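Take any residue in the sequence shown, note its place counting from 1, add 8, and you have its number in my numbering. A virtual CB, placed ideally from N, CA and C, is assigned to each residue, including glycine. Just so it is clear, the structure is predicted and the values come from calculations on it, not from any experiment.
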Amino acid sequence: MDKIDYCDKIEGKLIDKTVYEQIKKDPTEYIKKTIKIKADKLLKQKKITLAKLNELTSIDELPKIRRQPKLHKTNIPMRILTCSKDTIKSPVSQFMFKIFKQL
């Protein structure tokens, strides 16, 4: 599979309106602001430390997608995966997981 074919297959998946919705505005600033407000509230309530506040609000990267070809199938369809490690929501997810794990 060459690069053009690879990109065409992904483009075909991403334009499927039954699966994906194209957003009109970049949500990054809204997400950062919301996380900051919630984290500040937790700090004021002494439920987190200043170090935890910095951890929760320090990453600005958005999740990225990557493609994984299904080589064992004919016509080599693609699977789209979302990579959210080390992204804006990663520290929040890890923090929430630790809380839920204790329940």
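For residue i, which residues of its own chain have a beta-carbon under 6 Å away from its beta-carbon, when the five flanking residues on both sides are left out?
| i | result |
| --- | --- |
| GLN85 | One detail in the question is off: residue 85 reads as Pro in this sequence, not Gln. Cβ within range, chain order: LYS78. |
| GLU63 | PRO99 |
Taking just the CA atoms, how far does residue j sit from residue i?
| i | j | result |
| --- | --- | --- |
| THR57 | ILE45 | 15 Å |
| MET104 | GLN110 | 10 Å |
Is residue i helix, strand or coil when you go by DSSP?
| i | result |
| --- | --- |
| LEU111 | coil |
| LYS25 | coil |
| LEU51 | helix |
| GLN76 | strand |
Going by C-alpha distance, which of the options is nearest residue i?
| i | options | result |
| --- | --- | --- |
| ALA47 | LYS60, TYR14, THR26, ASN83 | LYS60 |
| ARG75 | ILE88, ASN83, TYR38 | ILE88 |
| LEU22 | SER101, PHE108, THR90, GLN102 | THR90 |
Looking only at its chain, what residues have a beta carbon closer than 7 Å to the beta carbon of residue i, apart from the 5 residues adjacent to it on each side?
| i | result |
| --- | --- |
| THR65 | ILE43, LYS44, ALA47 |
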